[in-house]
Amino acid sequence: MQSFSYEKAQSVEQATGTTGKFIAGGTTLVDLMKLGVETPTQLVDVTALPLAQVETLPNGGLRIGAMVRNSDLAHHPAVGKDYAVLSEALLSGASPQLRNMATTGGNLLQRTRCPYFRDPSYSNCNKRNPGSGCAAIGGHNRMMAILGTSDACIATHPSDMCVALTALEATIQVEGPKGKRSIAIADFYKLPGTTPNVENALEPGELITYVDLPAPRKASKQVYLKLRDRASYEFALASAAVVAEVSGGHVRAVQIALGGVGTRPWRAHEAEAALTGKPATAAHFRAAAEDALKGAKPSSENGFKVELAKRCIVRAMTMASA
Amino acid sequence: MATQTTPPSQSNVIGRSVARIDGPLKTTGTAQYAADFHFPNMAHAVPVQSTIASGRIEKLDAAAAQSMPGVLLVLHHGNMDKLYRVVPNDFSATTSEARPPFEDRTIYYWGQYVAVVVAETLEQATAAAAAVKVEYSQTPAKLSTNLGDYAGKRPSVSQRGDAEKAFAAAPIKVDQTYVTPAETHNPIEMHATVAAWEGDSVTLYETSQGVVNHRYAMAQVLGIPRENVTVVTRFLGSGFGGKLFPWPHSALAAVASRRLQRPVKLSVNRTMMFSNVGHRPLCEQRFQLGATTDGKLLSLRQDYINHTSLIDDIDEGCGEATTYLYSVPSLTVTRALAQRNVGTPSPMRGPGAVPGLFAMESAMDELAVALNMDPVELRLRNDATKDESNGQPFSSRHLKECIETGAAKFGWKQRTPAVGSMRRDGRVLGWGMAAASWGAYRFPCAATVALEVDGRVTVRCATQDVGTGTYTIFAQVLQEKTGLPFERIGVHLGDTSMPEGPMSGGSWATASVLPAVSSAADSVVKTLLQVANSTAGSPFAGVDPAKLQLTAGRVHQAGEPAETGVPFEKLIAMARLSRISADGNTTAIFEDPKAKGLSLHSFGAQFVEVEWEPQIARLRVSRVVTVIDGGRIINPKAAANQIKGAVVMGVGMGLLEQTVYDPRTGQPINGNMADYLMATCPDTPEIDVTFLDYPDLAMGEYGARGIGEIGLAGVAPAIASAVYHATGVRVRTLPVRIEDLLQSRIREA
Amino acid sequence: MAEKPTLREDQQLLDLEPLGQIGSEASASGGQLTRRTFLSGLGAAGLVASAGPLSAAAAPMGQAEGAAGAHTVLTVNGEQHDLGMLDTRVTLLDALRERLYLTGTKKGCDHGQCGACTVHVDGRRVNSCLTLAVMVSGKEITTIEGLGVPGRLHPMQAAFVEHDGYQCGYCTSGQIMSAVALLKEPVGPSDHDVKEGMAGNICRCGAYPNIVAAFQQVRNHSTMNG
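Residue numbers (the working numbering), protein chains in the order written: chain A, 1 to 322; chain B, 1001 to 1749; chain C, 2001 to 2226.
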């Protein structure tokens, strides 16, 4: 790890006025600094900022402070009651210790687990060295993405929380040198395209302050289903977050997001369109899942993820319709 | 989670469940492992690893690293002290890699140490290690994971009858190839060395499963007399075979410390754990079974090959259990090695037998399917009454009882054989079973037992406790022999200044130490009684020692209550002694007339239930019944823990574990604990352990054989068989993965 | 405020090397050992533990030359340790082990993937390997050494001994720190719930069944006692 200066920000203004890299839980950043992937010369500790509250918004939605720890958010009564998909997603991620450390804001910025990204001895990584190529293509790719990939990058977005937030259509509040702004989560994550180094919509110096959830939709049923090799403490091979309104045997409205398969938290619009207004039957779920994975481009070792993701959608929809 | 242990009726401490004497140290963070040692002025060493698998170092530029803050020394091929190799095949002084570190500029595998940086602090050394610049010329690396294209010699391992002819003529045949991947030991304690010189002598605080071998080997590597090397391993964070013999980092720490004349700590990191300290090699095994239509084996042929490094020829020995487990008139086993640009393999829990039994027991399950016969019945029908590889009788074999007991406890007769035919709570159940075996060994051991004038009894032995409970076994013998409570018993292990004990490996530590401690304790008691007889002022002066005995720490007349006697420490004091001590020795089993002409093995049976959710291809091991014939069990509490832990490791072997090498660079690309998957607490099934507890008196007075490896043997094939039973998918390449399960035609539960 | 790391109280209490054969003789001057420090010894029931040869070792402290530092005060098990201008790169794990000689907390992976380094910060369990020491300056840190010592075990430590909740013992500190924290976390009553609550601590020896049993005993016992 290279040497860096450290300061603790006491206000958002102070934090955004620096040129340093923000650190909160450190579960991604310290890990990557040890690997030599992140090499900040200045760290700004944002854990003391007054952003650790969960509060109800006037519109009935929920405002989650960026410094709220994953474990606290998962067990927050309002989240458990109205946003079960978020609670389930959080509790399916990482380990109890890491969830005690990781923050909401930090988790939004979680980096990929691509082993070639994580090892600087591979000079060819377009995320780390734009234009250098991609070592993952042609390498060990079982865990890589099948949706949203490009010739420049096939790295999977690893988060569970962000998948739930995508299904919930969260809005991310940020504050930077130029002021405050809101970013819909759909616009927050960037596809790799030819610039995998650009992962999100944040401008230099901008700090995530809150995540806003819309008011809970009445009668919606929420499910987070995560499929993986071992029983716990592992990243998803495929996961699905479903927020669905099912009544009279029909899907009235549904939002579906996928994890473990996309280069970003993957909103399955095609599946939603295929399901809305349709009978809640296994056949329709399967047809929608087929639609969701139509654009999948697997690599040599992860073709199974296509079928697995489909089954994940079908099972999650079945659970949400039960 | 029922655990039955036998026998409950023993009144003495041998065979009784006792809490480990080192428990309070381990649970309070007080137990000292190698990397926990600190010395004044200690420096920290961090190695630099090769980023290619094959080639040559053309240029190594350490200037930038050397000038970084706190850096004391950068060692590499260009400035390394002379190191030496050990004598090949000298089993008293074995290193893991024949090649000492930095011996030449050649790169044999990804991750090979090319330099080591020593600095005042760990942070400084780590940063400077990243600043060492190395330029390589690359040569094509041999990295193929396909061993099937091997065209070289296949030397015979065992041969009887004519397997080829018998197979050709057999009415029922199985002919399949099984692959077990490279696996990494991954003890949670990473290998470490703290080296401290004093003049010409060095003390190495080590992560060693064999301090005595480590001493002999390092004396040769460093080119110094054996007396000048002391190796200390007070506590070991397990090893599973990976810590049997010294790895190159030990020499790096020793040389750095000698150069700097300061203590140096070198702790291997988790990345290095995957490349530089051994692994279970990739194995490919072809099994051909021929049988009669009523399930009697006619022929068995096993052709195995495993990968090895370019530096060392390591034979995994997959034929270990093949030749004697079942009765079969014609048998051929051959071996082969395929060199790859990987680090040197090393024994990993149940080397040979564990991958060998995966293949053999999977083939037996396939044979059962081909015969439409119950797999339990097939095993029973082929039980061997003698070791057919050499005609010797078994010292103690109860495989049949293991299988029958396991079947009864598991409820095997409820099994319906059709694939996918068993259901519970919306899930498909799969039931599978396998037999298990592992050799029984006993190696030389010396131990010193002393009755101390302070009223304690102590024992000293240069063996070590790898985590199996060796400390407690010593204490149990001393309690058995002296009647003293554990509070007055001191056990001293893990230091080569003491009498030489065995390695902790191959499941032989317990069997090896018991006779030495027992005989030393007997001798010391005998001497004590003579002292009681000969000491002026002793109440037993002149009493025939044969009429005296030691009970609960008191010497008394035989036939009289112990309370009438005298505490032994009083007699020692009367005789003006500090202690009465005696040495005891164990002879190797190969030299023991009692074991001559006997085939010595442990046996077991594994029964596994998997739960399968076909809709989402989710499969978990839900229940395991394991029955072990491991001779007499000295401490059932620790022994049951060992077996359960081995089953947990077996779940990993069956469903999770695989070291994946990048096909281009040869880097173990999942070389961390997030990507190399080992079983977590939620992966743990319900485990029921039974010990048959038949003493094997050919092994010694206590009849213990050892149980470190056998719990793992047979678990993976039982899982794979259960997977077949649930899903109809026969997985012949471990681990069983979701991509395999997605092939199942069963889609609903 | 403790200015220099010293032997832990329990280490001093437990310095009962039998036979008095070898003492703790590390010389703090010159950096060389005057002689072998001690023999390996293990007394029953934890009577004989290692003192370790560290004594008043003048280990590297404070700001490392040439590296950025930040004033760091660690409150560990109720005792304050002023580490001066500590190299900012130092993790809590390495601060505990290499600066304060509290080696009960173990390093198993250094990347938050095994749980061996688990400690409590302000009462919550965290991976000390991914925690920068400077970031927890001023917070309450509890390590395994703060729970109990041989002879005065915390109920969870005693339950691990009783249930043989370990083999090699290396992951045990982390397991126990996790288990003690889990007692206060929302966790269901079943073994399944406990297993999930302990998922962040890998035990390669596979002592999981006994770890779960130890946890359940402590929880049920404390429930019974209100």
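Note that beta-carbon positions come from the ideal geometry of N, C-alpha and C, so glycine has one too.
Given the structure is predicted, the values throughout are model-derived calculations rather than measurements.
Here B:Asp-1175 is exposed. Its C-beta has fewer than 16 other C-beta atoms within 10 Å. Residues of chain B whose Cβ lies closer than 8 Å to the Cβ of C:Pro-2150 are, in chain order, Pro-1024, Leu-1025, Thr-1028 and Thr-1030.
Taking a C-beta distance under 8 Å as the contact criterion, B:Arg-1154 and B:Thr-1030 do not qualify as a contact pair. Within chain B, the residues Leu-1122 have their CB atoms less than 7 Å from the CB of C:Asp-2094, given in chain order. Going by C-alpha positions, B:Val-1428 is about 27 Å away from A:Leu-293. Per the Cβ contact rule, the region 1443-1462 of chain B is not in contact with the region 1617-1637 of chain B (fewer than 3 Cβ pairs under 8 Å).
Sequence-distant partners of B:Ile-1669 (beyond 5 residues in either direction) whose C-beta falls short of 6 Å from its own C-beta, in its chain, are Val-1660 and Asp-1662. Counting the other Cβ atoms within 10 Å of the Cβ of A:Ala-74 gives 16 or more, which makes it buried. In this structure B:Arg-1442 is in contact with B:Met-1699, their Cβ atoms being roughly 6 Å apart against a cut-off of 8 Å. Three or more pairs of CB atoms, one per stretch, sit closer than 8 Å, so the region 122-142 of chain A contacts the region 181-197 of chain A. One finds nothing in chain C with a Cβ atom closer than 7 Å to the Cβ of A:Gln-173; even the nearest lies about 24 Å away. Taking 8 Å as the CB threshold, C:Pro-2186 stays off the interface with chain B. At a cut-off of 8 Å between beta-carbon atoms, A:Thr-47 makes contact with chain C. Contact between B:Pro-1636 and B:Ser-1017 holds: CB atoms are separated by about 5 Å, below the 8 Å threshold. Between the beta-carbon of A:Gly-262 and that of A:Ala-145 there is about 5 Å, and that keeps the pair under the 8 Å contact cut. Judged by beta-carbon spacing, A:Ala-78 lies beyond the 8 Å limit of A:Val-44, meaning their Cβ atoms are not closer than that value. Around the beta carbon of B:Phe-1603, 16 or more other beta carbons lie within 10 angstroms, which makes this residue buried.
In this structure A:Arg-69 is in contact with A:Ala-102, their Cβ atoms being roughly 7 Å apart against a cut-off of 8 Å.
The alpha-carbon of B:Gly-1241 is positioned some 10 Å away from that of B:Thr-1184. Look at A:Phe-117 here: in three-state DSSP terms it is coil, with no helix or strand label. When the beta-carbon positions are compared, B:Ala-1434 and B:Ala-1718 come within less than 8 Å of each other. Between B:Val-1194 and B:Asn-1228, the C-beta spacing is not below 8 Å. A:Gly-133 places its beta carbon 8 Å or farther from that of B:Arg-1664. Contact annotation: C:Arg-2204 and B:Ile-1188 have beta-carbon atoms nearer than 8 Å. Just measuring C-alpha positions, the residue of A:Ala-274, A:Gly-176 and A:Leu-191 sitting nearest A:Val-314 is A:Ala-274. Across the set A:Val-254, A:Gly-260 and A:Tyr-6, the C-alpha of A:Val-254 shows the shortest separation from the C-alpha of A:Lys-218.
Collapsing the DSSP output to three states places C:Asp-2087 in a strand. Shown here, B:Cys-1461 sits in a strand according to DSSP, grouped into three states.
Within chain B, Ala-1127 have C-beta atoms less than 7 Å from the C-beta of A:Gln-2, given in sequence order.
When the beta-carbon positions are compared, C:Gly-2115 and C:Ile-2176 stay at least 8 Å from each other. Closer than 8 Å to the CB of C:Arg-2125 there is at least one CB belonging to chain A. Counting only Cβ-Cβ distances below 9 Å, B:Leu-1742 has contacts in chain A at Phe-304, Glu-307, Leu-308 and Arg-311, in chain order.
In the DSSP annotation of this structure, A:Leu-86 is not part of any beta strand (DSSP E); the continuous alpha helix (DSSP H) holding it starts and ends at 84-92. Between B:Trp-1197 and B:Gln-1285, the C-beta gap is not smaller than 8 Å, which leaves the two residues out of contact. A:Ala-231 belongs to the set of residues whose beta carbon lies under 8 Å from a beta carbon in chain B. B:Phe-1091 counts as exposed, since fewer than 16 other C-beta atoms from the protein chains shown sit within 10 angstroms of its C-beta.
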